[in-house]
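Engineer:
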Amino acid sequence: MTEQLKTLMDRAADLDFAAIDVDAITGAGDRTVRRRRIATGVAGVAALAVVATGAVLLGGDDGDRKTDFVDDRSLTDVAIWTEGSTLHTPDRSWDLGVDVATLVRTSEGVAFLGWDGNKEGRFDVYTFTGDGEPTRIGETQDWHLRSDPEQPYLGWLDGTGQDLDAVIYDVSRGERVWSEPAEQRYSFPVVAIDGTQAYLAGVDEGPFQVLDLASGDLRELPDNEIWRSFVAAKGDLVARTDHGAVEGGDGNALVVGPVGADPVSIPGGAADGAVFSPDGRWISVFSDGLSVHDTATGEAVAVDAGGYAHGLGYDWLDADTLLAIAGTEAGDEVVLFQCEVPAGTCDEVAPLGGFEEGELFAISFGESIWAGVAEGEASGSESVEVEVSEVPPPTQSSSTDRPE
Numbered sequence: 001m002t003e004q005l006k007t008l009m010d011r012a013a014d015l016d017f018a019a020i021d022v023d024a025i026t027g028a029g030d031r032t033v034r035r036r037r038i039a040t041g042v043a044g045v046a047a048l049a050v051v052a053t054g055a056v057l058l059g060g061d062d063g064d065r066k067t068d069f070v071d072d073r074s075l076t077d078v079a080i081w082t083e084g085s086t087l088h089t090p091d092r093s094w095d096l097g098v099d100v101a102t103l104v105r106t107s108e109g110v111a112f113l114g115w116d117g118n119k120e121g122r123f124d125v126y127t128f129t130g131d132g133e134p135t136r137i138g139e140t141q142d143w144h145l146r147s148d149p150e151q152p153y154l155g156w157l158d159g160t161g162q163d164l165d166a167v168i169y170d171v172s173r174g175e176r177v178w179s180e181p182a183e184q185r186y187s188f189p190v191v192a193i194d195g196t197q198a199y200l201a202g203v204d205e206g207p208f209q210v211l212d213l214a215s216g217d218l219r220e221l222p223d224n225e226i227w228r229s230f231v232a233a234k235g236d237l238v239a240r241t242d243h244g245a246v247e248g249g250d251g252n253a254l255v256v257g258p259v260g261a262d263p264v265s266i267p268g269g270a271a272d273g274a275v276f277s278p279d280g281r282w283i284s285v286f287s288d289g290l291s292v293h294d295t296a297t298g299e300a301v302a303v304d305a306g307g308y309a310h311g312l313g314y315d316w317l318d319a320d321t322l323l324a325i326a327g328t329e330a331g332d333e334v335v336l337f338q339c340e341v342p343a344g345t346c347d348e349v350a351p352l353g354g355f356e357e358g359e360l361f362a363i364s365f366g367e368s369i370w371a372g373v374a375e376g377e378a379s380g381s382e383s384v385e386v387e388v389s390e391v392p393p394p395t396q397s398s399s400t401d402r403p404e
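Under full-length UniProt numbering, the final residue of the sequence shown carries the number 404; numbering is consecutive throughout.
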């Protein structure tokens, strides 16, 4: 973690927010959190959110602070974020009826974890297309979701207590296409979903199997440094941490390339995580500030988010449009941006400021970013405008069959 992000974390730690029972969420006892490299990057952005004190709430009417969008598109190709139970795009809002803790995009809409304020760290898993009602499809005590925004697949760790299943769900078909009992020692077996490939974890943090979601074929990965240090994948490209690659530095670097070929080194040392553009040409690195690189050369792309000191490019709307969150060094303002690559220009989508005690927000990142939870109360809307339908789990616990 960079010194700047560490400073923000220290400031956030001084705030008087009573959090939910993290031990319950992560599963005290035999079940432990797999601290993937992405975690510290999330923590830094979480600190930005926690220390925000601006006066403008999400979804407000401050037209001068929002980019003008002509939005006749769906939830699948616009910036999305939530404040409490409200889902926002630049031009529309929906009350989902439950506070959102984690948010991702799929080709069919959005998926999210809903939190009702319980102290045990239980979340319900929902999908929402933008029409009708959110659909409850599972429950979890893990705050991760995995998806590929261009595909209908969603991965999570289903269940509470001791009986847990790693699940991959096809939102377009409304059913689970694969599930297996999960070892309780490892909190999130679905490491990544890329196209129709799902990377599954074993005893190490990196994936050890690849599941073809179209055919159901399961392929073993070799037990080597490439997969043990896995960060992200797109097509035949793999981003990983190369230990000992930087002389005179911290000994680590992020490298990108096809397996078996000489990788390209990304300047700046090891990253906390990364996300590829849909075509694999660019990679946004979770590092100090907005960090975007050409995957063929490693060359950095200058991205101007209005001079904000800290930032994270976390999601791609298309091959050259990056969503990013950025904040001031003082930590008094956090803003959602939409940036064009390689032009490097950014437009402000919405200010993410004005958080009061008890509010939380989510961006399409797949991990929870808490803005502080008031003790003994939830931050959801008092009037629920959307009823929730529920899809029962399948009768079989493991299946790779796809219906015709």
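Even glycine gets a Cβ: it sits at the ideal position worked out from N, Cα and C.
Here the structure is a predicted model, which means the values were calculated and not measured.
Would you kindly work out how many angstroms separate the C-alpha atoms of residue 240 and residue 115, rounded to a whole number?
Structural biologist: Here residue 240 corresponds to residue number 240 of the sequence shown, with the count starting at 1. Here residue 115 corresponds to residue number 115 of the sequence shown, with the count starting at 1. Using only the alpha carbons, I get a separation of about 33 Å.
Engineer: Helix, strand or coil: which one does DSSP assign to residue 321?
Structural biologist: On the sequence shown, residue 321 is found 321 positions in, with the first residue counted as 1. In the structure shown, the three-state DSSP call for residue 321 is strand.
Engineer: Please report the distance separating the alpha-carbon of residue 163 from that of residue 139.
Structural biologist: The sequence position of residue 163 within the sequence shown is 163, counting from 1. The sequence position of residue 139 within the sequence shown is 139, counting from 1. Each residue's alpha carbon lies about 12 Å from the other.
Engineer: By DSSP, does residue 135 sit in helix, in strand, or in coil?
Structural biologist: Within the sequence shown, residue 135 is the residue found at index 135, counting from 1. Three-state DSSP puts residue 135 in a strand.
Engineer: Can the beta-carbon of residue 111 be found closer than 8 Å to that of residue 104?
Structural biologist: Counting from 1 along the sequence shown, the entry for residue 111 is found at position 111. Counting from 1 along the sequence shown, the entry for residue 104 is found at position 104. Yes. Within cutoff.
Engineer: What residue range is occupied by the uninterrupted beta strand (DSSP E) comprising residue 143?
Structural biologist: Taking the sequence shown and counting its residues from 1, the one referred to as residue 143 is at position 143. No beta strand (DSSP E) contains residue 143, which DSSP labels as neither H nor E.
Engineer: Do the CB positions of residue 180 and residue 170 come within less than 8 Å of each other?
Structural biologist: Against the sequence shown, residue 180 aligns to sequence position 180. Against the sequence shown, residue 170 aligns to sequence position 170. No, Cβ-Cβ distance for residue 180 and residue 170 is not below 8 Å.
Engineer: Helix, strand or coil for residue 105? Go by DSSP, reduced to three states.
Structural biologist: In the sequence shown, residue 105 corresponds to position 105, counting from 1. Strand at residue 105.
Engineer: Name the two residues that bound the continuous beta strand (DSSP E) containing residue 126.
Structural biologist: Translated into positions along the sequence shown, residue 126 becomes position 126. Per DSSP, residue 126 belongs to the beta strand (DSSP E) from 123-128.
Engineer: Where residue 334 and residue 323 are concerned, what is the direct C-alpha to C-alpha distance, given to the nearest angstrom?
Structural biologist: In the sequence shown, the residue the question calls residue 334 occupies position 334. In the sequence shown, the residue the question calls residue 323 occupies position 323. Each residue's alpha carbon lies about 13 Å from the other.
Engineer: Please state the DSSP three-state secondary structure of residue 68.
Structural biologist: Here residue 68 refers to the residue found at position 68 of the sequence shown. A caution first: residue 68 carries a pLDDT of 34, below 50, which makes its placement in the model too unreliable to give a value.
Engineer: How many angstroms separate the CA atom of residue 216 from the CA atom of residue 168?
Structural biologist: Residue numbering aside, residue 216 sits at position 216 when the sequence shown is read from its first letter. Residue numbering aside, residue 168 sits at position 168 when the sequence shown is read from its first letter. Distance between the alpha carbons of residue 216 and residue 168: 12 Å.
Engineer: Going by DSSP, what residue range makes up the beta strand (DSSP E) through residue 181?
Structural biologist: Translated into the one-based positions of the sequence shown, residue 181 becomes position 181. Run containing residue 181: 175-181, per the beta strand (DSSP E) assignment.
Engineer: Any idea if residue 155 is buried or exposed, counting beta-carbon neighbours within 10 angstroms, 16 or more meaning buried?
Structural biologist: What you label residue 155 is simply residue 155 of the sequence shown in a count that begins at 1. Buried, since its Cβ has 16 or more Cβ neighbours within 10 Å.
Engineer: Quick one: is residue 297 buried, meaning 16 or more other Cβ sit within 10 Å of its Cβ, or exposed?
Structural biologist: Position 297 of the sequence shown, counting from 1, holds the residue named residue 297. By the neighbour-count rule (16 or more Cβ atoms within 10 Å), residue 297 is not buried but exposed.
Engineer: Does DSSP put residue 194 in a helix, in a strand, or in coil?
Structural biologist: Translated into positions along the sequence shown, residue 194 becomes position 194. Residue 194 falls in the strand class under three-state DSSP.
Engineer: Does the beta-carbon of residue 219 have 16 or more other beta-carbons within 10 angstroms, so that it is buried, or is it exposed?
Structural biologist: Position 219 of the sequence shown, counted from the first residue, corresponds to residue 219. With fewer than 16 other Cβ atoms within 10 Å, it is exposed.
Engineer: For residue 242, which of helix, strand or coil comes out of DSSP?
Structural biologist: As a position in the sequence shown, residue 242 is number 242, starting the count at 1. Note: residue 242 maps to strand in three-state DSSP.
Engineer: Please report the distance separating the alpha-carbon of residue 129 from that of residue 151.
Structural biologist: Sequence index remark: in the sequence shown, residue 129 carries index 129 (1-based). Sequence index remark: in the sequence shown, residue 151 carries index 151 (1-based). Each residue's Cα considered, the two are about 14 Å apart.
Engineer: Work out the CA separation of residue 93 and residue 107 for me, nearest whole Å.
Structural biologist: Reading the sequence shown from its first residue, position 107 is the one you call residue 107. Reading the sequence shown from its first residue, position 93 is the one you call residue 93. Their Cα atoms are separated by approximately 19 Å.
Engineer: Give the straight-line distance between the Cα atoms of residue 143 and residue 102, rounded to the nearest whole angstrom.
Structural biologist: Against the sequence shown, residue 143 aligns to sequence position 143. Against the sequence shown, residue 102 aligns to sequence position 102. Near 7 Å, if we compare the C-alpha coordinates of residue 102 and residue 143.
Engineer: Do residue 236 and residue 258 come within 8 Å of each other at the CB atom, strictly closer than that value?
Structural biologist: As a position in the sequence shown, residue 258 is number 258, starting the count at 1. As a position in the sequence shown, residue 236 is number 236, starting the count at 1. Yes, the pair counts as a contact, with Cβ atoms nearer than the cut-off.
Engineer: If we count the other Cβ atoms within 10 Å of its Cβ and call it buried at 16 or more, is residue 131 buried or exposed?
Structural biologist: The residue given as residue 131 occupies position 131 in the sequence shown. Classification for residue 131: exposed.
Engineer: Can you tell me whether residue 211 is helix, strand or coil according to DSSP?
Structural biologist: Residue numbering aside, residue 211 sits at position 211 when the sequence shown is read from its first letter. In the three-state DSSP reduction, residue 211 falls in the strand class (E or B).
Engineer: For the beta strand (DSSP E) that contains residue 338, what are its first and last residues?
Structural biologist: Along the sequence shown, read from residue 1 onward, the residue named residue 338 stands at position 338. Its beta strand (DSSP E) spans residues 334-340.
Engineer: Please specify which runs of the beta strand (DSSP E), each continuous and at least 3 residues long, are wholly inside the region 264-312, giving them in chain order.
Structural biologist: 264-266, 274-276, 282-285, 292-294
Engineer: Using three-state DSSP, classify residue 219 as helix, strand or coil.
Structural biologist: Here the question's residue 219 lines up with position 219 in the sequence shown. Three-state DSSP puts residue 219 in a strand.
Engineer: Beta-carbon separation of residue 198 and residue 211 under 8 Å?
Structural biologist: Residue mapping note: residue 198 aligns to position 198 of the sequence shown, counting from 1. Residue mapping note: residue 211 aligns to position 211 of the sequence shown, counting from 1. Yes, the pair counts as a contact, with Cβ atoms nearer than the cut-off.
Engineer: Considering Cα atoms alone, identify which of 273, 196, 195 is closest to residue 230.
Structural biologist: Position 230 of the sequence shown, counted from the start, is the residue given in the question as residue 230. Considering only alpha carbons, the answer is 273.
Engineer: Could you tell me the boundaries of the beta strand (DSSP E) in which residue 82 lies?
Structural biologist: What you label residue 82 is simply residue 82 of the sequence shown in a count that begins at 1. First-last of the beta strand (DSSP E) with residue 82: 81-83.
Engineer: Where residue 96 and residue 83 are concerned, what is the direct C-alpha to C-alpha distance, given to the nearest angstrom?
Structural biologist: Start at 1 with the first residue of the sequence shown, and residue 96 comes out as number 96. Start at 1 with the first residue of the sequence shown, and residue 83 comes out as number 83. Whole-angstrom Cα-Cα distance: 10 Å.
Engineer: Taking residue 137 as the reference, which of 148, 125, 368, 147 has the closest Cα?
Structural biologist: Walking along the sequence shown from the start, residue 137 turns up at place 137. That would be 125, whose Cα lies nearest to the Cα of residue 137.
Engineer: Taking its Cβ as the centre, do 16 or more other Cβ atoms sit within 10 Å of residue 282, making it buried, or is it exposed?
Structural biologist: Working through the sequence shown from its first residue, we reach residue 282 at position 282. It is buried - the Cβ of residue 282 has at least 16 other Cβ atoms within 10 Å.
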